[in-house]
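Just so we're aligned, residue 29 is where the sequence shown starts under our numbering, counting upward by one.
Quick reminder that beta carbons are idealized off the backbone N, C-alpha and C, glycines included.
Note sheet for the following structure.
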Amino acid sequence: MRRRARAARGWGWWLPQVALLLALAGLVLVVARTVSDNMERQDMVLSLGFLRSTAEFPIAESFLAYAPGDTIAWAFVVGLGNSIALTLLIIVLSTMAGVPIALARHSGHMLARTLAGGFVDLVRNVPLVVQLLFWYGVILMAFPPARAAAQPLPGLFLTNRGITVTTVGITGTALPMIVTVLGGLTLTLITAWRGHLHKASLCTLGTIVAGSALWIVLDLGLARDVPHFDRFNFTGGLTLTPEFVAVLWGSVIYASAFAAEIVRGGLDGVPRGQWEASRALGLSKRQSLRLVIVPQALRMIVPPMNSQFITILKNSTLALVVGYPDLNFVANTAINHTGQGLEGVAILMLVFFTLASAISLAMNRLNARVQRGGA
């Protein structure tokens with residue numbers, strides 16, 4: 029009787045699941061058949077051959093070299109580079125900004141706590157797309173034209189065409205030194221991640237010594253590229269376009285409010301007795317945070333940060349509304365030029381799924397390490 033009851037309960041649990049899976053599979057088949065029939069009627073064929081075609085559209089700014097004569101596949105790569113760079117910058121800057129905001133919300137200073145709370149409540153309750161449009165409008169309307177550029181600091185110019193800054197470059201063949209320094213930093217991070225702090229310190233020292241020696245041997249130097257106004261715009265230096273500044277600034281402000289709440293929640297999750305015990309040991313508030321509170325709070329901070337970073341990745345597609353050429357922008361432009369909408373959207377979905385999975389994998393590994401107490 030017990031076996032029959034157990035079997036009945038088992039079938040009662042599995043039958044709805046199997047029925048749901050079969051229904052989903054049937055729905056997918058129906059949609060696929062409908063799409064196939066519609067494409068046949070319009071003489072359309074599913075193919076990725078359009079990626080080999082010439083991209084006849086410009087990309088206003090990119091971290092990778094691009095010209096309108098390149099292939100559409102390379103245009104996708106350029107857009108992907110813009111999206112990844114933008115996402116990484118937002119993740120790093122918003123996390124750095126969110127920590128002090130969280131500490132201000134957690135402090136006993138009433139003014140700091142009130143201002144931080146007001147900032148978080150305001151930013152979190154205004155849609156990101158509205159904030160991006162607001163900052164884009166501020167840059168275009170509040171900043172002067174290039175001929176009357178504002179110069180708050182030497183080598184820094186603010187115009188409605190963007191922010192232009194002086195850059196510093198290395199003269200000479202610097203590739204061996206760059207490879208050595210990057211290799212040393214990678215080795216240092218891996219060693220520190222494994223918990224060998226003494227060896228990591230030695231790696232850091234070795235990297236500094238090797239980099240300095242190569243600097244001297246290769247006779248490298250520094251050269252400044254100071255921007256100057258030439259006819260209609262600035263030449264030289266580095267210009268950050270209004271689109272890039274608006275999407276970076278707006279996204280960092282928006283994401284920092286959520287990061288601050290995550291950090292504050294982690295700090296509040298540490299038992300009050302831990303604070304009191306650290307003070308009883310004679311530790312200052314800074315020492316208590318660094319040695320006692322933060323290591324415990326990380327166990328509650330890292331899991332929601334995983335979702336936060338993935339949300340930042342997905343929100344980066346909103347850069348399209350201010351005209352920043354990210355992957356979404358490039359994909360939409362390519363679809364308009366080629367008519368391969370299904371393939372373009374499929375590429376977008378696959379790329380963002382892969383990037384989100386990579387972020388999730390990295391954060392899950394970090395979370396496992398933190399939960400073991402090895403952060």
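- Classification of F381 by the beta-carbon crowding that lies within 10 angstroms, buried from 16 upward: exposed
- Where does L88 fall in DSSP's three states? Here residue 88 is Ala; the residue named in the question, Leu, does not match the sequence. Correct three-state label for A88: coil.
- Message: Within 10 Å of its beta-carbon, does R318 have 16 or more other beta-carbons around it, so buried, or fewer, so exposed?
- Response: exposed
- Query: Whose C-beta lies closer than 8 Å to the C-beta of M29 among residues of the same chain, with five residues either side of it excluded?
  - Reply: Summary for M29: the model assigns pLDDT 49, below 50, so the residue's position carries little reliability; its value from the coordinates is reported in the next sentence. Nothing meets the Cβ criterion.
- Do you know offhand how far L19's Cα is from V322's? The question about residue 19 has no answer here: the residues shown for the chain are numbered 29 through 403.
- Determine, using beta carbons only, whether F91 and N110 come nearer to each other than 8 Å. yes
- Mind checking whether V350 and Y164 have CB atoms under 8 Å apart? yes
- Note down, in chain order, each residue of its chain lying with its Cβ closer than 7 Å to the Cβ of T187, except the 5 sequence neighbours on either side. F171, P172, P173, A174, A177
- CB G197 to CB D247, shorter than 8 Å? no
- Task: Using the Cα positions of V158 and F147, report the straight-line distance between them to the nearest angstrom.
- Result: 16 Å
- Task: Taking T214 and K227 to be in contact with their CB atoms under 8 Å, please state how far apart those CB atoms are, rounded to whole angstroms.
- Result: Wrong, their Cβ atoms sit about 14 Å apart, outside the cutoff.
- Task: Output the residue ranges of the alpha helix (DSSP H) runs that lie fully inside the segment 316-364 and measure 4 residues or longer, sorted by chain position.
- Result: 322-343
- Message: Just to confirm my understanding: we take L184, look at its own chain, exclude 5 residues before and 5 after, and list those with CB closer than 6 Å. What are they?
- Response: V193
- Task: Evaluate contact between the segment 95-106 and the segment 359-368, counting only Cβ atoms and requiring at least three cross-stretch pairs below 8 Å.
- Result: yes
- Inter-stretch contact at 8 Å, needing at least 3 Cβ pairs: the segment 272-285 / the segment 120-133: yes
- Throw me the rounded Cβ distance for the P270 and F262 pair, which I believe falls under 8 Å. Wrong, their Cβ atoms sit about 14 Å apart, outside the cutoff.
- Query: Is M29 helix, strand or coil by DSSP?
  - Reply: Its pLDDT being 49, under 50, M29 is placed unreliably by the model, and nothing is read from it.
- Item | Exposure label - G212; buried when at least 16 CB within 10 Å | buried
- Query: Do you know offhand how far T216's Cα is from R397's?
  - Reply: 18 Å
- Consult DSSP for D149 and reduce its assignment to one of helix, strand or coil. helix
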